[in-house]
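A.B. asks: This is the structure I have questions about; it appears just below.
Number of protein chains: 2
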Amino acid sequence: MRKDKLLMTPGPTMIPHKVRETMARQIIHHRTKEFERYFVKMNEGLKKVFQTQNPVLTLVSSGTGGMEAAVANAFSPGDKVLVVSTGVFGDRFVKITTRFGLDVKVINVPWGCGADPEEIKKFLDSPEGDGVKGVFVTHNETSTGVANDIKGIGEVLKGRDCLYIVDAISSLGGMEVKTDEWGIDMVIAGSQKALMLPPGLAFVSVSEKAWKAIEKSKLPKFYFDFLAYRKSLNDNTTPYTTAVSLVIAASEALDMILEEGLENIFARHRNLAEACRAAVKALGLELFADERYASDLITSIKAPEGIDIDQVRKIMNLQYDIMVTGGQQHLKGKIMRIGHMGYVDGFDLLKTITALELSLLKVGYKLELGTGVTAALKTLKM
Amino acid sequence: MRKDKLLMTPGPTMIPHKVRETMARQIIHHRTKEFERYFVKMNEGLKKVFQTQNPVLTLVSSGTGGMEAAVANAFSPGDKVLVVSTGVFGDRFVKITTRFGLDVKVINVPWGCGADPEEIKKFLDSPEGDGVKGVFVTHNETSTGVANDIKGIGEVLKGRDCLYIVDAISSLGGMEVKTDEWGIDMVIAGSQKALMLPPGLAFVSVSEKAWKAIEKSKLPKFYFDFLAYRKSLNDNTTPYTTAVSLVIAASEALDMILEEGLENIFARHRNLAEACRAAVKALGLELFADERYASDLITSIKAPEGIDIDQVRKIMNLQYDIMVTGGQQHLKGKIMRIGHMGYVDGFDLLKTITALELSLLKVGYKLELGTGVTAALKTLKM
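Protein chains in written order, with the UniProt record's numbering: chain C, 1 to 382; chain D, 1 to 382.
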C-alpha cells in the first residue's frame with residue numbers, strides 16, 4: 001500500500017483537507033458580492049498575519065513575480081540599492097534589480113551563515129553606501145536553511161531614507177514578521193509555503209513610505225502596477241481577473257492560521273526545528289547552517305563522508321513516500337534539506353526522521369535505529 | 001431550493017466536475033516525474049488546441065499578464081507597433097504598449113464592429129505604417145461581442161517584417177485559431193474562458209520569428225522573461241514554481257477538449273451563438289454587434305427602449321441564479337452580454353433564454369412567453 005506523498009520540502013507544502021475541498025467547488029464570478037466576501041476575509045486575515053495596518057496586495061504569480069513587482073514598483077532606472085544575499089533567493093534579488101537597470105550593491109554572506117546587521121550598517125555609513133534607496137533581504141533562505149535577523153536589520157535601517165524590502169515568501173505565517181513594528185516597507189509572501197496553500201498567489205504589503213516611492217517610480221509595468229491594485233483594493237476587488245479558487249482557499253487557510261494563533265504557530269515551527277536538529281545531531285550528522293542562524297522552517301544537513309545523500313533522499317522518496325530536497329547550485333549532492341513548514345506536526349517530523357534513519361542504514365551509514373526518533377521525540381512538545 | 005449559479009459570462013466560466021475534482025487532490029511537488037507527466041500532457045494538448053508546432057509557454061498570471069509578457073518580450077523602447085482596437089481589450093493593448101515606451105499607432109474600430117483587414121493593409125502600406133514591428137489584434141472582443149477576422153488579417157500581414165500578436169484569451173478552445181497556418185507569431189490564451197479552467201494561468205505560443213525578436217528585445221523583464229521559460233520547457237519544467245493544481249486541472253480539461261474534438265467544439269459554439277441570436281431576435285430585441293462580426297462565444301444585446309437592462313440581469317441572477325454581464329465603460333446600462341463559451345450546452349442556453357424571457361416580463365417588456373426558447377430550440381442541434 002502507498003500512502004500519499006508527504007512533502008517535507010521548502011514548498012509546495014501539504015494542504016489541509018478543509019482548504020483543498022474549497023478548490024473543488026464550482027467556480028464563482030469574481031465581480032460578485034459572494035466573491036467579495038472571501039476577498040475581504042482574505043485581506044483581513046493577511047493584515048493580521050503580516051502584522052500590518054497597511055494594505056496587502058494579492059498578485060496572481062509565483063513568489064518571484066512578487067519580488068519583481070516590488071522592484072518594478074518602488075524604483076527607477078539607476079537607483080542605488082543594496083541586496084543582502086545569503087543564498088539562491090538573495091541572488092535572485094540581485095538578478096532582478098540588475099535586469100531592471102538599478103545600481104546594485106551586494107553584500108554576499110557565506111552560504112550557511114546569516115547576515116550581520118552591523119555589517120549592513122557599516123556599508124550604509126560608508127561612501128559606497130551613500131544614497132542607497134532600498135535594502136533587500138531574504139527572511140528565510142531556503143537554499144541554505146538560514147533565517148536572517150529581520151528585526152535586527154530593521155533597527156539599523158530605522159531613520160534612513162531607504163526602503164526595507166523583505167522576501168518572506170517562505171516564512172510568512174511560519175515565523176514572526178512584525179511588518180509595521182520592524183519598519184519593513186514591503187514584505188513579499190508566497191501562497192505555497194507556510195500559508196498552506198497551492199502555488200499561484202504572491203502577497204505584498206506596502207508601507208506609506210513605499211507608496212510615496214511607488215508614485216514616483218519610472219520603471220515600466222502594467223500587470224504588476226501597484227497603483228492599479230491599490231485603487232481596486234479600495235473597491236474590494238482586483239484590477240485583473242484574480243485566481244478565484246486560490247483566493248477562496250486562502251480565506252479558509254487564513255481562518256485556520258488565526259484559529260491556531262500566530263504565537264502557537266511560531267512556537268510549533270520553532271519546536272519542530274529544534275527537534276529536527278536534535279535528531280540530526282543524535283544521528284551523528286552535521287548541520288549545514290550555522291546554528292545561530294538556523295531557520296525554524298527548514299533544516300539543512302551535510303552529506304556525511306562517503307555517503308551519497310541524494311541516494312538517501314531517493315530511498316526516502318521511493319520507498320517511504322517522504323519527499324525532502326537536495327542542495328542547489330554548488331551545494332548539489334552536498335546537503336539534504338528537510339522542510340518543516342505549514343501543515344506539519346510532530347508525527348510528520350517523526351515519520352521523516354524514521355525514514356531518514358532507515359534510508360541512511362540502507363546506504364551503509366552506521367547508526368542505532370531509533371536514535372534520531374528518540375532525540376526528536378524528547379524535544380517535541382506533543 | 002437554490003441551484004448552483006450558472007455562469008453565462010465572458011469568464012470565469014463553468015468548470016467540469018472532472019476538472020474540479022483534480023483541484024482538491026493533495027498537492028504534489030513540481031520538481032518530480034509525477035508532475036512532469038501532467039506538464040508534458042498539458043503542453044502536448046496546448047499545441048494541438050493552438051494548432052502550432054511551436055512551444056506554448058505557461059505563465060502563472062491572468063490573461064493581462066500574458067498580454068504584457070508578449071509586449072515586454074518582443075519589443076524594445078521606441079519600436080513602432082500598431083494596435084487594432086475593437087473595444088476594452090484592444091484598448092488594453094494600447095495601454096500596455098504605451099506604458100512600455102513603444103511608438104503606438106492605433107486603428108480604432110467603432111465598438112460593435114470588427115476590424116477590416118483591408119484597412120490594416122492600407123495603414124501598413126502608408127507612410128505612417130512604415131516600419132511597424134508588431135500588429136496587435138483581439139480575437140474575441142468580449143466587451144462588444146465581436147470576433148475579428150484573424151485569418152484575414154493574417155493574410156494582409158503575410159510576408160511583412162512585423163510580428164502578428166493575437167489576444168485569444170477568451171477564444172482559444174472555443175473558436176478556430178490556426179496559429180501556424182494563419183501566420184500568428186504570438187497567441188495569448190487564458191485558462192478561465194473556453195478552456196474550462198479556473199483563472200490563474202496564461203498561455204502564450206511563440207513562433208520562430210518571434211523568438212528572433214525576443215532575443216533582441218531590450219525591455220526589462222524577469223518574471224515574464226520568455227527565454228527562461230523556453231530553457232525550462234526544454235527540461236519539461238518552469239523557471240519558477242508554477243500553479244501545480246491548475247496545471248493538473250489543465251491537463252484534464254485539455255483531455256476533455258481533445259476527446260470532444262476541436263471541430264465539434266467550434267461547431268457547438270457556433271450553434272449556441274446562432275441559437276442565442278435567433279432567440280434574441282424572436283423576442284424583438286436588438287443585437288449590439290454587427291452580425292457580420294458576431295462572436296460565437298458571446299452575444300451582446302441592446303437594452304430595449306424604456307427597459308432597465310441591468311434590472312433584467314439582476315432578476316436573472318437573484319431569482320433564477322443565472323449570471324450574465326452588463327456593458328463596460330460607455331456601454332454601461334446600454335447592453336447585456338450573454339457568454340456561451342466553454343462548458344456550456346444547449347440546455348444551459350435554453351435555461352438562460354427562459355430566465356431572460358421571465359425577467360424581461362417582470363420589468364414590463366412585452367413578449368409572448370416561449371418565443372425566445374422556441375426560436376433557440378429550433379436552431380439548436382441537440
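Beta carbons: idealized from backbone N, C-alpha and C, even for Gly.
From C:T97, C:L57, C:S251 and C:E263, pick the residue whose C-alpha is nearest to that of S76 (chain C); which is it?
C.D. replies: Considering only alpha carbons, the answer is C:T97.
A.B. asks: Could you work out which residues of chain D lie near F99 (chain C), taking near to mean beta carbons separated by less than 9 Å?
C.D. replies: In the sequence as displayed, the identity of residue 99 (chain C) is Arg instead of Phe. Simply P220, K221, F222 and D225.
A.B. asks: Name, going along the chain, the residues of the segment 78-109 of chain D whose beta-carbon falls closer than 8 Å to a beta-carbon of chain C.
C.D. replies: For the segment 78-109 of chain D, which is checked against every Cβ of chain C, the residues closer than 8 Å are K95, I96, R99, F100 and G101.
A.B. asks: What three-state label does DSSP hand G190 (chain D) in the structure shown?
C.D. replies: Note: G190 (chain D) maps to strand in three-state DSSP.
A.B. asks: Comparing C-alpha positions only, which one of C:I169, C:K178 and C:D130 sits nearest to I153 (chain C)?
C.D. replies: For I153 (chain C), the nearest C-alpha among the options comes from C:K178.
A.B. asks: State the CB to CB distance for the pair D348 (chain C) and C113 (chain C), rounded to an integer number of angstroms; the pair is presumed to be in contact (CB under 8 Å).
C.D. replies: That belief does not hold up - the Cβ atoms of D348 (chain C) and C113 (chain C) are roughly 28 Å apart, past 8 Å.
A.B. asks: Three Cβ pairs or more, each shorter than 8 Å: is that satisfied between the segment 62-74 of chain C and the segment 88-107 of chain C?
C.D. replies: Taking 8 Å as the limit for Cβ pairs, the verdict is that the segment 88-107 of chain C does touch the segment 62-74 of chain C.
A.B. asks: Under 8 Å by Cβ, that's how I've got G134 (chain C) and V206 (chain C) pegged, so tell me the actual separation to the nearest angstrom.
C.D. replies: G134 (chain C) to V206 (chain C), Cβ: 13 Å. No contact.
A.B. asks: Taking only beta-carbon positions, decide if R2 (chain D) is within less than 8 Å of chain C.
C.D. replies: So, not an interface residue.
A.B. asks: Would you say Q319 (chain D) lies against chain C (beta-carbon separation less than 8 Å)?
C.D. replies: It does not; no Cβ of chain C falls within 8 Å.
A.B. asks: Where DSSP assigns a beta bridge to G339 (chain C), which residues make up the other side?
C.D. replies: In DSSP, G339 (chain C) forms a bridge with C:I298.
A.B. asks: Would you kindly check if the distance between the Cβ of E141 (chain D) and the Cβ of residue 384 (chain D) is under 8 Å?
C.D. replies: Residue 384 (chain D) is absent from the structure shown; chain D starts at 1 and stops at 382.
A.B. asks: Among the residues of its own chain, which have a CB less than 7 Å from the CB of I28 (chain D), if the five just before and after it don't count?
C.D. replies: Hits under 7 Å: E34, F35 and V244.
A.B. asks: Go through its chain and collect everything with a Cβ distance to Q311 (chain C)'s Cβ below 6 Å, but skip five positions before and after it.
C.D. replies: Counting only Cβ-Cβ distances below 6 Å, and skipping sequence neighbours, we find V363.
A.B. asks: Smallest Cα separation from G145 (chain D): which of D:Q328, D:M14, D:P12 and D:I248?
C.D. replies: When only C-alpha atoms are compared, the closest one is D:Q328.
A.B. asks: Could you pull the start and end residues of the alpha helix (DSSP H) that D201 (chain D) belongs to?
C.D. replies: In the sequence on display, residue 201 (chain D) carries Leu and not Asp. Here L201 (chain D) belongs to no alpha helix (DSSP H); instead the beta strand (DSSP E) covers L201 to V206.
A.B. asks: Tell me whether P110 (chain C) is buried or exposed, calling it buried when 16 or more other Cβ atoms sit within 10 Å of its Cβ.
C.D. replies: That one is exposed.
A.B. asks: Name the residue from D:G370, D:A303, D:L254 and D:D321 whose alpha carbon lies nearest to the alpha carbon of P16 (chain D).
C.D. replies: Taking only the C-alpha atoms, the option nearest P16 (chain D) is D:L254.
A.B. asks: Are the C-beta atoms of H30 (chain D) and some chain C residue less than 8 Å apart?
C.D. replies: H30 (chain D) counts as touching chain C.
A.B. asks: Comparing alpha-carbon positions, which option in D:D79, D:M1 and D:D149 lies nearest D296 (chain D)?
C.D. replies: When each option's Cα is compared against that of D296 (chain D), the closest is D:D149.
A.B. asks: Sorted by chain position, which residues of the same chain lie with C-beta nearer than 6 Å to A355 (chain C)'s C-beta, five sequence neighbours on each side aside?
C.D. replies: Within the same chain, A355 (chain C) has close Cβ partners M316, Y320 and I322.
A.B. asks: Do A74 (chain C) and M175 (chain C) count as a contact pair if the criterion is CB distance below 8 Å?
C.D. replies: Cβ atoms of M175 (chain C) and A74 (chain C): not closer than 8 Å.
A.B. asks: At which residue ranges does the segment 31-65 of chain C contain complete beta strand (DSSP E) runs of 3 or more residues, listed in the order of the chain?
C.D. replies: Runs found: 56-60.
A.B. asks: Using the Cα positions of A267 (chain D) and I257 (chain D), report the straight-line distance between them to the nearest angstrom.
C.D. replies: Their Cα atoms are separated by approximately 13 Å.
A.B. asks: For D235 (chain D), which beta-bridge partners are listed by DSSP?
C.D. replies: For D235 (chain D), which the question treats as bridged, DSSP gives no partner whatsoever.
A.B. asks: Step through the CB atoms of chain D and report whether any lies within less than 8 Å of the CB of V206 (chain C).
C.D. replies: Answer no: the Cβ-Cβ gap between V206 (chain C) and chain D never drops below 8 Å.
A.B. asks: In chain order, what residues of the same chain have a beta carbon less than 8 Å from the beta carbon of T9 (chain C), not counting five sequence neighbours either side?
C.D. replies: Around T9 (chain C): M323, V324, T325, R337 and G339.
A.B. asks: Could you work out which residues of chain C lie near K209 (chain D), taking near to mean beta carbons separated by less than 8 Å?
C.D. replies: Under the 8 Å cutoff, chain C gives no residues; its nearest Cβ is about 24 Å from K209 (chain D).
A.B. asks: Would you kindly report the start and end of the unbroken alpha helix (DSSP H) that includes F347 (chain C)?
C.D. replies: Taken as a continuous stretch (DSSP letters only), the alpha helix (DSSP H) holding F347 (chain C) covers G346 to K362.
A.B. asks: Buried or exposed for N43 (chain D), going by 16 or more other Cβ atoms inside 10 Å?
C.D. replies: Looking at its Cβ environment, which holds 16 or more other Cβ atoms inside 10 Å, N43 (chain D) is buried.
A.B. asks: Quick one: what's got a C-beta closer than 8 Å to V40 (chain C)'s C-beta in the same chain, skipping five residues either side?
C.D. replies: Hits under 8 Å: N236.
A.B. asks: Have a look at C:I188, C:V132 and C:A24 and flag the residue whose alpha-carbon is nearest the alpha-carbon of residue 430 (chain C).
C.D. replies: Not covered by the structure: residue 430 (chain C). The range shown for chain C is 1 to 382.
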